[in-house]
Amino acid sequence: MTEVDVPQTRPPEPLSIHIVKASNLKLTKIDNGQRPSSGTSKGTKGDNVQITVKVEFGEKVLGESPKVDCVPDTPAEIDYTATLNCSFEDPLVLDEISYKPVVLTVTEVLPKEKKQKEEKTAQLGQCTVDLLPLVKGATKHHYNLVINPLPGSPLETIPPEGPKPEMEVVISVQESLLEGTQIDQGNLMTLTIESLYSPPESWTMTGSQYAYAAALPIPMSADKETPVVFANGALKPSIDKEPPNRQKKWAVPGSAQGNSIYIPESFLPPDNIDDEDGEFKSKDDREHRHTAETEKLRVTWNTERRCYLDSLATKSFQDKIAKCRYWPVEVMRLPQPAAAKGKKPGLGGGKFKDDEGSISYHGVAFVNLAPLLYPGVKRIRGAYKVHAYTDHAMHEKTKRKTGFGEEAGKIAFNILNRNSASPFPKKAGKEGGEKKEKEVKKGRASSIAQHHEHEASQTIKSDTGSEMEGQPPVNVEGQQYVDAKAYVMLEISLTRPLIPKRPPEELARRVAEYIPPRPLFPKRTDGAQRAVEDFHNQVGSVANLILDEFRDQFGDLLKVDDEPQTVEAMESRRQKLIYELNSSGKYFAFKEQLKYAVVKIVREKYLKTSAFEDRQELQTFLSELYVYLIDQMHVALGKFLALEDQAPIPKPLTDSAQLKHFAREAEVNGNYELATKYYQERIARNRNDPSHWFDYGTFCLYINDITKAEECFKECIAIDQKHLQGLLLYGVVCTLSERNEAAETFFEAATCVDPKSILAWTMLGLFYDAVNNEIGAEMAYLEANKLNQAAAVAEAKALRDDDVTKERLARGEHESEDKEVDHDQGGLAPPSVPDIKQPSPPSSDKPPTSARSGKGSVSDTRRMSASKRSDIHLRPEQSPQLQGSKIKTESSTSRPGSHYKMGSQRGTPQPAEETEEPPIREPTPVPRCSIYMQTIEWLIEVKAVPFTERALAHELLSPMGGPTSGYHINYARLKLQKKEYKEAENSLDEALQFDYQNPDAWALMGHVKYMTNDVEASRDCYERTISFTSDAAEMHSIYLRLASIYLQEEKFSNAKNTFLMACKRSPSCVSWLGVGIACYRLGELAESEDALSEANILNNTDPEVWGYLSLVCLKTGRQLEAEQAYKYALKLNLSDYDLLTEIQHVQQDVGFGNPEF
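The numbering used here applies: residue 15 is where the sequence shown begins, and numbers increase by one.
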């Protein structure tokens, strides 16, 4: 091998653990080798004694400090440094440093007594040093650690409010353990196993006790996985409640004991169930979880294990999740080791209650790690169901041939042996134990001992032959997990997300790179132009002031004098005006007002800022400046004075909303040219309104003009970089053009613009579906569903608050009536509470207490539950569950007075099991429709056909969706847009089977029949639609098409009335034209002319309107107007041959109307 091929290995890095000092230590000097109990006189506390500190890492003793004198009330300056060499040849060294603590044991050295050969020692306490900061890249870290007392230590007598003993420690390395690329590309995974809840019913606290282990594989390199084992699980009863702030334990505490087995400042988070990523999140599952966590046994670990993953291991981990999202976490029961005195178990002296290696109750939880591939996600936590372990199930869910159960069992036995051999750290056999552990971790053992006969009879292990033959494997013990609905709580977190999430700032920058924003204001003009504009403004202002002065002096005279003005009179008024301006000082004020504008022109336009040295040059410049200023004065006067003479520009008769309505109407009628004209007119009126560009873009998308649609959406986003719908549709256009990277940028930008938008997240999911990114789609849909559920909860809360307010108002009225009745009863009412209300009969006998009382069982249930909660104080002996379960009978309300007396006279709260019960659970709000249906309605509105088809497919498979009436209606709308009328009709037939009185279904059926020229069927559908009590979503086109059918069938009266309904709802040129035609056919020429005039006002370029106006004028004998209307009809290219023929026949009948005659 050449020198180039020799890999460069970094030399070992010494890791220093420097113990600075210890403070607040409480020591005891021992007499006669006996430690006195607290309060005895056999020892003198506070005397000067000596201490040492032993430093251990795993099973290695790194050193022990020299003896240090400890003086009361003075910190003991230890100043001792231990070194741990970190070798980089083994890739697992950094992993070991990340999860193993350095254990510091403080030992008191007692002075020798008479006839005593050796010194006696007493262990005071321990603390653990976390080396994790060094693995994260730090070179130095400072700790102030609390020294936890060991059993029998005098530190245990320190009162809680007293100062706690502490030790100051500094850990450091000369160079960072990780290089720059390792920090950026590596990762640190933290695994936390909390508890196994609802274990098999056969597990009890009595009889033989067992250990419990959990294990899961972790990739430590690109091609090797190592099982991580949590061996110290303990079975606990339900009365042993978990504390609110549960502290995590070290996975491998080494020689740590007592409270030192806990990781300092590391606690389990109290997450909400809604924020969890696991299973068991439904309503029924929550009730099961509450029961399991409060009333059943549990196996508790509360242990944290860190795993350092280099770049290759991180990439391997990511690839394996992408290949198969489920990760196995195996749980098992192990026999407790029983070590013989003085001998190590497993080496001839120790025995087990069962044979070594005999694991039982082998289960597995399949953890969905796909959320770790969501952008920006670094942590998952949840409850995961435990299944019976079989190789068949393992291969089916995780694509692994077998699990790590046997190897994990051996590792767990090894850990339990070391922990149970002695309550204190071992001084011998460290290297042997370490060697054994490494040998166990090298690979999976070929075989392990079988269970005892009584255990083997319960478990039938699967073998490859039976699975190949199709026989399902059986695990009887593991099946008990499934029967008990067992689940394990665990958490997996990373220091860096596997898939980084682009921040909103970067997405906004990328959007601006694709589509630069349009400046809000025009660019500032240069100084010279601005100076001239200021001069114009000042000239106009002075001119207005002079005119006001002239009107004040001569205005009345000019009004009275009607004679022509002579030149002498005008000159006389001019001289008087000049005299008045000079004598009053106004002339000087006007000159001063203009002076600053003239100075600006001199400086900015002529760039003259210094004095002139040559007088001739000054005179030349002044002449030039005078000519320029006079010219600009005339320009300014012409501009300002001419405005008063111009007629004001009339406001347009139609606004933006009407133009949009006309465009949609033309679009429905298939007149795309006219629709384009209306959309472009909206843009011409206001080019800075992004909605105008957006609407025109959706129209271009509908007519499949993708290029023009893209330009429109670009303009929309350029005007408003945060236009949500514009970002979404530009992403759609990019997807249609197969520019997926740009499309992803815009879809993600939309989710950042409005993170609470269900539409944005669903569209992102649909895009990920289009590019086959299953995990990204799952993430987006999950977020959209969360928002949908939150919206349903907010809506239900608003309705509930409204109902409660109404109920309180109604209940206040009823209570006031009851007070009057009770007052009339005299001595029959209880004397202490004359206003108490007796328990009422069933609510069916009550008057309604809400305006919503007659609308179904939901509001009734809300009202009933609210009233019962308000009456809890009347029946304190009854639990809320019973109150909410059914209406009381007569026997349960027979003695209301005694109930009140028992609760009121004592004045004490009721027992905790009654008063602390949670309130009656409200039904979980259900969203009105799925996220896909909400998106489908928007997609159909904006004509994004490919995404609509994908969303409809999801709606069909959605648990909240399926082939419902709404699905079939929207499917028919999509087919109508694609002009696939047969499929649309079939879908509408399905929709009408769900809801025969749905006006939208009948309206769409009418459109289908209309477009297929089935006039009679379409008329029946339209008539049925308008006869319903509720309107369809879009009634305007229904009125227009039904009225046009009436015109074809010569039912002119019906046509007139229907067109008038359209005019009343949303007038347009087409609707008024229809009224005009119907009135003309009915012979109502005056009404016809009025209607046609209205149509002409709304659109004066419709040739059909001019044609019918010509007919009306011909009938009424107005030759000039008839010819003019006929001329405009021809000029606008009237294409209706029948109408042209009719006009020509009438012209021949009356003898005029055509200029060609």
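All C-beta atoms, glycine included, are put in the ideal place defined by N, C-alpha and C. Computed from a predicted structure; not experimentally measured.
For residue 336, no beta strand (DSSP E) segment is defined; the enclosing uninterrupted segment is the alpha helix (DSSP H) at 325-337. Contact annotation: residue 966 and residue 988 have beta-carbon atoms nearer than 8 Å. The C-beta separation of residue 427 from residue 348 comes to about 7 Å, placing the pair in contact by the 8 Å criterion.
The beta-carbon separation of residue 423 and residue 293, rounded to 26 Å, does not stay under the 8 Å limit for a contact. Shown here for residue 332: same chain residues with a beta carbon closer than 6 Å to its own, the five before and five after excluded, namely 512 in chain order. If you draw a straight line from the Cα of residue 142 to the Cα of residue 118, it comes to about 6 Å. With a cut-off of 8 Å on Cβ pairs, the segment 1066-1080 is in contact with the segment 1090-1097, counting three or more such pairs.
Restricting attention to 1121, 1151, 950, the CA atom closest to the CA of residue 1168 is found in 1121.
Residue environment: residue 632 is assigned as exposed (fewer than 16 neighbouring CB atoms within 10 Å of its CB, all protein chains considered). In this chain, the alpha helix (DSSP H) harbouring residue 405 covers 405-412.
Measuring C-alpha to C-alpha distances from residue 682 to each of 108, 1054, 806 identifies 1054 as the nearest. At the C-beta level, residue 1139 and residue 1124 come within 8 Å of one another. DSSP links residue 230 through a beta bridge to 242. For residue 1058, the uninterrupted alpha helix (DSSP H) segment begins and ends at 1050-1062.
The DSSP-derived three-state label of residue 158 is strand. Runs of alpha helix (DSSP H) with 4 or more residues, each lying fully within the segment 74-141, are found at 107-113, listed in chain order.
8 Å or more divides the Cβ of residue 679 from the Cβ of residue 940. Taking a contact as a CB-CB distance under 8 Å, the pair residue 67 and residue 116 does not count as one, their CB atoms being some 11 Å apart.
The continuous stretches of alpha helix (DSSP H) do not include residue 35, which lies in the beta strand (DSSP E) extending over residues 27-37. Counting only residues of its own chain and dropping the five nearest sequence neighbours on each side, residue 229 has a CB closer than 6 Å to the CB of 241, 243, 344, 418, 422. For residue 348, no alpha helix (DSSP H) encloses it; the enclosing beta strand (DSSP E) starts and ends at 340-349. Below 8 Å, too few C-beta pairs join the segment 405-413 and the segment 511-526 to call them touching: fewer than three.
Bridge partners of residue 207 according to DSSP: 317, 504. In the DSSP annotation of this structure, the continuous segment of the beta strand (DSSP E) that includes residue 374 starts and ends at 374-382. For residue 71, the uninterrupted beta strand (DSSP E) segment begins and ends at 63-71.
At the C-beta level, residue 33 and residue 149 stay beyond 8 Å of one another. Judged by DSSP in its simplified three-state form, residue 216 adopts coil rather than helix or strand. Around the Cβ of residue 1030, a 10 Å sphere holds fewer than 16 other Cβ atoms; the residue is exposed.
Shown here, residue 785 sits in coil according to DSSP, grouped into three states, outside any helix or strand. In the DSSP assignment, residue 261 is bridged to 281. 153 is the residue among 816, 1127, 153 whose C-alpha sits nearest the C-alpha of residue 29.
Nearest neighbour of residue 493 by Cα position, chosen from 592, 286, 213, turns out to be 213.
When DSSP states are grouped into helix, strand and coil, residue 692 belongs to the helix group. Assignment of residue 615 by DSSP, reduced to helix, strand and coil, places it in the helix class. Between residue 979 and the set 1006, 995, 571, the nearest pair of CA atoms involves 1006. For residue 165 and residue 420, the gap between their C-alpha atoms comes out near 36 Å.
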